[in-house]
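Numbering (this note's numbering), first residue to last: 34 to 317.
Ideal Cβ positions, reconstructed from N, Cα and C, are used throughout, including at glycine.
Bear in mind that the values here come from a model prediction, so they are computed numbers and not experimental data.
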Amino acid sequence: MGRRREIEKLASQLSPSLLPTDDTSVVALIVVGVILLSMIGAGTILLFAWGQRQSSLIQQQRHFVSSVTHELRTPLASIHLAYETLTKRALPEETQKKLLSMSLVDIERLIRLVNQILISSRLDRGLSMFNDDVKTILIDDTLHSIMETLTYLDPNIKERVKIECPRDITWRGSPNAFNMVVGNLVENAIKYSNLKSTIEVFVQIKSDQLEISVKDFGIGLSKRDKKRVFKMFYRSDDATSRAIPGTGLGLFIVKTILEQVGGRITVTSAGRGEGSTFVASIPA
Ligand code: ADP
Numbered sequence: 034m035g036r037r038r039e040i041e042k043l044a045s046q047l048s049p050s051l052l053p054t055d056d057t058s059v060v061a062l063i064v065v066g067v068i069l070l071s072m073i074g075a076g077t078i079l080l081f082a083w084g085q086r087q088s089s090l091i092q093q094q095r096h097f098v099s100s101v102t103h104e105l106r107t108p109l110a111s112i113h114l115a116y117e118t119l120t121k122r123a124l125p126e127e128t129q130k131k132l133l134s135m136s137l138v139d140i141e142r143l144i145r146l147v148n149q150i151l152i153s154s155r156l157d158r159g160l161s162m163f164n165d166d167v168k169t170i171l172i173d174d175t176l177h178s179i180m181e182t183l184t185y186l187d188p189n190i191k192e193r194v195k196i197e198c199p200r201d202i203t204w205r206g207s208p209n210a211f212n213m214v215v216g217n218l219v220e221n222a223i224k225y226s227n228l229k230s231t232i233e234v235f236v237q238i239k240s241d242q243l244e245i246s247v248k249d250f251g252i253g254l255s256k257r258d259k260k261r262v263f264k265m266f267y268r269s270d271d272a273t274s275r276a277i278p279g280t281g282l283g284l285f286i287v288k289t290i291l292e293q294v295g296g297r298i299t300v301t302s303a304g305r306g307e308g309s310t311f312v313a314s315i316p317a
């Protein structure tokens, strides 16, 4: 009490207008103080969360640069070696053909990587893509030709990927956008599962939506990963610790393209090691 009187006396000398005149004013001052303190607390928490986000973004970008460097260096080194061997040695025709077809696979890999980077950067800037090439496509045929383009990932892709699609289903839109979406999902299903395990591609029309689901029996996704996989540059710890090649751009591209055509993507997985199912829905 003595201390309070002292403070009141000091306050009256410094600024008499600020001095509370009754108990209601004291309560009001306390309330204002509490509000101010809570605002400062909330601000500190927000600042901390923003800092955490920035640092995880910087870390993801560092990972991205190192994965891209690796993804570029490996096929370039192998093309370089093939070229040197072909020019410096007299090889049997069979070996020459083998070296050339291996280089072609590496070149395709490089083209895909560069395309992914270009497309994701355009999409990230909010530019819409594939508006100019609208066609009606037969889904079943398109799926089979997408598998052809992915044989470089697994030569046994035709036996491994089971496609279930009614023959007559068509879709009107950009074939390039469609190839990009389904190609990325099947590519991931191959990359993130055992070489011998089956991949199921199932197509149906459900409530005016064309639904394409890609199911694998591979490394699966944790609850945390399921929430983040569609973010640009995101790669799960399982993917990086197993040194599975990738850049963290594929699913970002899939999600953004689908949003641009009024569709969406969802993922389910019973957990790590339990496989995953990605379902892309597009207005039919
Ligand atoms: P990338 O495969 O090039 O790393 P993506 O954007 O396609 O990039 O995928 C982001 C991350 O999501 C991958 O790094 C991986 O951790 C996870 N992921 C994607 N598809 C699958 C899948 N079918 N099974 C398990 N994890 C997956």
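Which residues DSSP lists as bridging residue i, in chain order
i, result
"P316", "Q242"
"T310", "K248 and T301"
"E197", "F235"
"T324", "Within the shown structure, residues of the chain are numbered from 34 to 317, placing residue 324 beyond reach of any answer."
Same chain, Cβ closer than 6 Å to residue i, neighbours up to 5 away in sequence not counted
i, result
"E141", "Y185"
"E307", "G253"
"R261", "Y267"
"L218", "V247 and F311"
"E233", "K195 and K248"
"K168", "P208"
"T289", "L156"
"D271", "I252"
"T301", "T310"
"I223", "L186 and D187"
"R205", "T169"
"F235", "E197 and S246"
"D173", "C198 and R200"
Burial state of residue i (16 or more Cβ within 10 Å)
i, result
"S309", "buried"
"A123", "exposed"
"I286", "buried"
"G304", "exposed"
"Q92", "exposed"
"M213", "buried"
"S134", "exposed"
"A210", "buried"
"K229", "exposed"
"G74", "exposed"
"E192", "exposed"
"I68", "exposed"
"L137", "exposed"
"I152", "buried"
"Q149", "buried"
"D166", "exposed"
"M72", "exposed"
"L176", "buried"
"T263", "The amino acid occupying residue 263 in the given sequence is Phe; Thr does not appear at that position. When all chains shown are included, F263 counts as buried."
"S274", "exposed"
"S226", "buried"
"D56", "exposed"
"S89", "exposed"
Own chain partners of residue i with C-beta closer than 8 Å, once the 5 adjacent residues on each side are dropped
i, result
"P316", "D241, Q242, L243, V294, G295 and G296"
"G216", "I179, T182 and L183"
"E220", "L183, L186 and G283"
Residues near residue i by beta carbon distance below 7 Å, same chain, minus five either side
i, result
"Q237", "E244"
"E104", "L146, P278 and T280"
"L291", "V214, R297, I298, A313 and I315"
"K131", "none"
"S255", "G304 and R305"
"Q129", "L119"
"L171", "T203"
Check: residue i C-beta below 7 Å from any heavy atom of ligand 2
i, result
"F285", "Absence of ligand 2 from the depicted structure is noted, with ligand 1 being the only ligands included."
inquiry  = Between the stretch 160-180 and the stretch 192-211, can you find at least three pairs of beta-carbon atoms closer than 8 Å?
reply    = yes
ask   = Are the stretch 160-174 and the stretch 114-132 touching, with three or more C-beta to C-beta distances below 8 Å?
value = no
query = Are at least three pairs of beta-carbons, each pair with one atom in the stretch 91-102 and one in the stretch 276-293, less than 8 Å apart?
reply = yes
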